[in-house]
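Heads up: the sequence lines are chains A and B, in that order.
Position 38 (the first sequence) corresponds to 37 in numbering that gives the first Met the number 0; numbering is contiguous.
Position 35 (the second sequence) corresponds to 34 in numbering that gives the first Met the number 0; numbering is contiguous.
Virtual Cβ for every residue (Gly too), placed ideally from N, Cα, C.
Small disclaimer: the values here were computed from a predicted structure and weren't measured.
2 protein chains.
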Amino acid sequence: MTPLRLGKVQLQIMQILWRHGRVTARQITDELSQQSPIAHSTVQTLLRKLEAKGAVAHEVVDRTFVFVPLQEQADVTESAARDLLTRVFGGSVYGLVAHLLRHEKIAPDELARLRQLIDKEGQQKKP
Amino acid sequence: MTPLRLGKVQLQIMQILWRHGRVTARQITDELSQQSPIAHSTVQTLLRKLEAKGAVAHEVVDRTFVFVPLQEQADVTESAARDLLTRVFGGSVYGLVAHLLRHEKIAPDELARLRQLIDKEGQQKKP
DNA sequence: CCGGTAAATCTACCCCGGTAAACGAACAAG
DNA sequence: CTTGTTCGTTTACCGGGGTAGATTTACCGG
């Protein structure tokens, strides 16, 4: 299980795949182009590279490719998060969270939910 | 102020720079080689690339280069964290922290300190 | 049957991180 | 003076992300 490193656009493609489950290259191009224009062939190239890597697969429906994600979102999220955690924060969850609290603005209700979450986590000492 | 993208080894070099303030290329090579062997010329090449990017500078002392970091650790940390936050967690601090709590094992005392930190953050509503 | 349309493939760049050998300069020891 | 060591510089290569034009393939409508 190699960590599977994904680039910026590749991640965006995977996210579209995860949201919709089954999409054509054209759909991906359209959705990506809403943010910044991108050539259809570029998307196709990246999809081929993703497929070569085992991150996606395609089925042929009506002579057009329908792509499906193979790599789980949870896995990619996990490896990306752990990557930042270890490389930048030396593995300290406290360090990362402290940084987020200090440098990112957080809505008060989010903060409240966070406190609840941590409390619940603390309760799970004795199962 | 471009985000300044750094690779894996480049980040390690910057971290050594940040720890020591002023180091020679040799010191960096030695320190990096404790983890995984790396050629001295590789380190020098990366240092040149970092300098070309404005991340470091060098002074000449006794005919050898002494490198100093120009880019602040806080800035790099910040951009890396925000990068993950926006690209993977859609900007949701809650999402990222929740992920960390769920998937990373955290020492009980770290959890306690986290709760304190969040409480203190909550108090700063009315200054 | 023919031309348009749309999809897929081929091919070719550029950039940059990482890797390192090869070369050159300068000094230190003998 | 010659040789070896230690720097720094030059140069080259690989891999992979990103980009996209050009080309082929296949269908569909007139």
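Residue i versus residue j - alpha carbon distance
i: A/Gln-9; j: A/Leu-46; result: 8 Å
i: B/Ala-97; j: A/Thr-76; result: 12 Å
i: A/Phe-64; j: B/Ile-105; result: 44 Å
i: A/Val-59; j: A/Phe-66; result: 9 Å
i: B/Leu-5; j: A/Asp-61; result: 44 Å
i: A/Leu-16; j: A/Ala-79; result: 18 Å
i: A/Ser-32; j: B/Pro-2; result: 23 Å
i: A/His-57; j: A/Pro-36; result: 24 Å
i: A/Gln-11; j: A/Glu-30; result: 10 Å
For residue i, the three-state DSSP class (helix, strand or coil)
i: B/Thr-1; result: coil
i: B/Glu-58; result: strand
i: B/Pro-68; result: strand
i: B/Lys-119; result: helix
i: A/Lys-125; result: Any reading at A/Lys-125 must be qualified, since the residue scores a pLDDT of 47, below 50, and its modelled position is unreliable; no value is offered.
i: B/Lys-7; result: helix
i: A/Gly-90; result: coil
i: A/Glu-30; result: helix
Residue i classed as buried or exposed, judged by whether at least 16 other C-beta atoms fall within 10 angstroms
i: A/Thr-28; result: buried
i: A/Pro-68; result: buried
i: A/Ala-38; result: exposed
Identified DSSP bridge partners for residue i
i: A/Val-22; result: A/Phe-66
Original post:
Going along the stretch 47 to 81 of chain A in order, which residues come within less than 7 Å of chain B, judged by CB to CB distance?
Top reply: Thr-76, Glu-77, Ala-79, Ala-80
**OP:** Please name the residues in the stretch 94 to 123 of chain B whose beta-carbon is closer than 8 Å to at least one beta-carbon of chain A, in chain order.
**Re:** Leu-95, Val-96, Ala-97, His-98, Leu-99, Leu-100, His-102, Glu-103, Ile-105, Pro-107, Glu-109, Leu-110, Ala-111, Arg-112, Leu-113, Arg-114, Leu-116, Ile-117, Asp-118, Glu-120, Gly-121
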